[in-house]
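Engineer:
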Amino acid sequence: MTRDRKFEWGGLSAGREDFVTAAEALTALEELVAEYADLSPETGMSDGEAFVRLSAGERWAIVSTPGTRWFSVRVHSGHRARLDDATSTRAEAAMLLRTYVAVGAATVRGEAVIDGDRLTVTAAGRRVSLVRPIADRLRGWVRGGR
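Numbering (the numbering used here), first residue to last: 18 to 163.
(1) Per DSSP, what kind of secondary structure is D101 in: helix, strand or coil?
(2) Once the 5 residues before and after T38 are set aside, which same chain residues still bring their CB inside 7 Å of it?
(3) For T116 versus A141, is the C-beta distance shorter than 7 Å?
(4) Starting from T82, follow its DSSP beta bridges and name the residues at the other end.
(5) Can you list, in chain order, the residues of its chain with a C-beta nearer than 7 Å to that of A119? Leave out the 5 residues immediately preceding and following it.
(6) Of all the options M112, H96, A73, which has the alpha carbon lying nearest to the alpha carbon of I131?
(7) Given this structure, state the Cα-to-Cα distance separating S72 from A42, to the nearest angstrom.
(8) Just to confirm, are V125 and L56 a CB contact at a threshold of 7 Å?
(9) The beta strand (DSSP E) that contains T137, what's its start and end?
(10) State the Cα-Cα distance for the pair D102 and A110, rounded to the nearest angstrom.
(11) Mark G150 as exposed unless 16 or more other C-beta atoms lie within 10 angstroms of its C-beta, in which case mark it buried.
(12) Taking the alpha carbon of A123 as the point to measure from, which residue in Y53, E48, A108 has its own alpha carbon closest?
Okay, here's the thing in structure tokens:
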């Protein structure tokens with residue numbers, strides 16, 4: 018990167034046509050939630066991230082992204098998955114959002130399979146593993162459980 022190019026979070030230049038902003042991600046999430054009306058979807062912006070929260074009873078999932086930089090899903094059990102991807106195109110970003118929302122929805126619906134410390138979810142034609150944060154796993158190990 019040269020001095021005359023302004024740094025943007027994720028290392029993307031301001032002129033990059035495929036850059037997806039949080040506002041654009043929010044619009045995409047708002048379009049996706051129609052497919053998940055049974056899961057009480059709530060969309061919004063928080064700390065520069067677009068998010069959708071899906072829930073049913075005690076189960077919930079939150080999918081969030083600041084745009085093209087990363088995509089995340091966290092669920093009620095503490096498990097999560099995050100993909101750092103500062104180079105995705107608009108089409109790839111849309112696919113990643115659709116996949117992560119489908120993963121969140123499948124988890125809320127109880128379709129995740131417990132595999133040791135992981136939850137494995139097959140959704141949108143992809144298999145995704147969610148893990149608990151390392152600190153949670155270490156605490157469980159120290160206590161002698163999972």
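Where a beta carbon is used, it is the ideal one built from N, C-alpha and C, also for glycine.
Just so you know, these numbers come straight off a predicted model, no measurement behind them.
Structural biologist: According to the structure shown:
(1) D101: strand per DSSP, three-state reduction.
(2) Spatial neighbours of T38 in its own chain (CB-CB distance under 7 Å, excluding positions within 5 residues in sequence) are listed in chain order as G84.
(3) Yes, the pair counts as a contact, with Cβ atoms nearer than the cut-off.
(4) For T82, which the question treats as bridged, DSSP gives the partners A67.
(5) Hits under 7 Å: A140, A141.
(6) Comparing Cα-Cα distances from I131 to each of M112, H96, A73, the minimum goes to H96.
(7) C-alpha separation (whole angstroms): 20 Å.
(8) Contact flag set, yes.
(9) Annotation: the continuous beta strand (DSSP E) that includes T137 extends over 135 to 140.
(10) D102 and A110: Cα-Cα distance of roughly 9 Å.
(11) As written in the sequence, residue 150 is Pro, which differs from the Gly given in the question. That one is exposed.
(12) The closest CA to that of A123, considering only Y53, E48, A108, is found on Y53.
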